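There are 2 protein chains.
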Amino acid sequence: MNKRQAQKQFTREKIIAAAKQIFIEKGIINTATSQIAEAAGIAHGTLFLHFPNKDSLVVELLDAELSKFSNNIKQLIVETADVNILLSQYLDIIQAEEGFFSSLARELPNYKDELRRKILFRESLIREHFHQVIEKGIEQNIYAQVDIPSALTFLFGTINYYLSLKTSFVQQGSVIEKFKPSIIKTMKDLLLPVQ
Amino acid sequence: MNKRQAQKQFTREKIIAAAKQIFIEKGIINTATSQIAEAAGIAHGTLFLHFPNKDSLVVELLDAELSKFSNNIKQLIVETADVNILLSQYLDIIQAEEGFFSSLARELPNYKDELRRKILFRESLIREHFHQVIEKGIEQNIYAQVDIPSALTFLFGTINYYLSLKTSFVQQGSVIEKFKPSIIKTMKDLLLPVQ
DNA sequence: CCAATTAATGAGTATGCACTCACCGAGCAA
DNA sequence: TTGCTCGGTGAGTGCATACTCATTAATTGG
């Protein structure tokens, strides 16, 4: 890679980093492209050499975040046998990525149709992971009592609702929760399709 | 009231009715004042004879809705002794007013500070009613298992979270839920102050 | 070393929006 | 009837913002 290409890549990364931070702080709708450019230390016009429009910057950022996120989860699922530990660590990972995702989820209903559709399609990726975690839980027939981080209530509204449909019982002094059998089918149906 | 005054009042009501409907359909942020005027069948400029700006139209509409809502709840609390019935009917009333409130709640994080502050201040009205319902529940020491309508998850995010911290037990064949005692104080603290 | 390439610049354009104001005409008081 | 009042009108203004493009300057290949 020659000097020009390296410089171009560097600029692109500055834009993405700046965009992510400002989007988390102020939301996407309330962030002007000129502000992103300023924060990245480049001219306003430069931003549009790297991204054809604001929406594509959002989508690209989302894809990058999802890719990191997805790799972490995949590894976790392969490595962790115990569902209690798996679910707990799974939620830790979600929480770590919380900022940008929840900023997206918060504003999602206000986006134009086109952008909203793109984001919702990608949300199904997250559902798929969650489904794998549930699969393991069903095999082992037990779930630990875990709070879905409240910031994810919106993104995972449906999941959260179904998580509340648990039966609970006490085992060795601590409360253990188990999904009602009738719920499991519905939950899987809900998590998988969409696209 | 002479013909002129009557006409003015009529126009004002047309604006409010049109605004409410469009806000519910498309959200407040994505509705232009010119669209409200068009839906109300008046000139764009006329809207600003009745309301100094868009925000004040939103706030006025919110106050009107809250006032209706609040009167209904007050009456319900006075008339209904049984908490199970009270809570259930309380949620029915909320659900009936759901459209405009949830459109507000959905967009709230994206509003400018000034408008957001005004709306949050008014949300405390709703909290106060909810607190009275909880008070009655604490006296009677029992809550029916009730789903907070999912559309209200956002507006009542905190409340919803605390509602999940219940102990449950089976009585006469049906599940009865009771708040954990340690939660009740926290919940009361959370619901009352804010302003 | 020179000409071609290309990343970067930032003033400029197009658009959409909240809000204004000079003007109009129906209703009212005399 | 007459002149005034005032609600209504809609083209116009100012502003914010996404996006463009003629120009500049650094880098490259020959």
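Sequence order for the protein chains is L and H. Read left to right, the first sequence gives residues 1 to 195 (my numbering). Read left to right, the second sequence gives residues 1001 to 1195 (my numbering). Note that beta-carbon positions come from the ideal geometry of N, C-alpha and C, so glycine has one too. Quick caveat: nothing in here was measured; it's all calculated off a predicted structure.
What do you get for residue i, buried or exposed, if any count of 16 or more other CB atoms within 10 angstroms of its CB means buried?
| i | result |
| --- | --- |
| E1107/H | buried |
| A1043/H | exposed |
| E79/L | exposed |
| E123/L | buried |
| A81/L | exposed |
| L1104/H | buried |
| L200/L | The structure shown does not extend to residue 200/L, since chain L spans only 1 to 195, so no value can be given for it. |
| M1001/H | exposed |
| A1232/H | No answer is possible for residue 1232/H: it lies beyond the span of chain H, which begins at 1001 and ends at 1195. |
Residues of chain L with a CB under 8 Å from the CB of residue i: which are they?
| i | result |
| --- | --- |
| P1052/H | Here the premise fails: no neighbours, minimum Cβ distance about 23 Å. |
Measuring only between beta-carbons, confirm whether residue i sits less than 7 Å from chain H.
| i | result |
| --- | --- |
| N72/L | no |
| A19/L | no |
Under 7 Å Cβ-Cβ, which residues of chain H neighbour residue i?
| i | result |
| --- | --- |
| E107/L | N1110 |
Find the residues of chain L that neighbour residue i, judging by a C-beta separation of less than 9 Å, and give them in chain order.
| i | result |
| --- | --- |
| I1029/H | I29, N110 |
Less than 7 Å between the beta carbons of residue i and residue j, yes or no?
| i | j | result |
| --- | --- | --- |
| L66/L | A19/L | no |
| K1014/H | V1059/H | no |
| T1031/H | I1022/H | yes |
| I29/L | N1072/H | no |
| T1033/H | L1047/H | yes |
| I1024/H | F1100/H | yes |
| Q132/L | I93/L | no |
Alpha carbons only, please: which of the options is nearest the one belonging to residue i?
| i | options | result |
| --- | --- | --- |
| E1139/H | K1003/H, N1072/H, V1083/H | V1083/H |
| N53/L | K68/L, I36/L, F69/L | I36/L |
| L1115/H | Q1075/H, E1135/H, K1136/H, L1057/H | L1057/H |
| Q9/L | K112/L, I85/L, F51/L | F51/L |
| Q1075/H | N1002/H, A1039/H, H1129/H | H1129/H |
| G27/L | Q1007/H, E1135/H, Q1132/H, K1112/H | K1112/H |
| L125/L | E38/L, D63/L, G41/L | D63/L |
| K197/L | L86/L, E38/L, A96/L | What is shown of chain L runs 1 to 195, which leaves residue 197/L out entirely. |
| L86/L | E135/L, R4/L, A6/L, Q5/L | E135/L |
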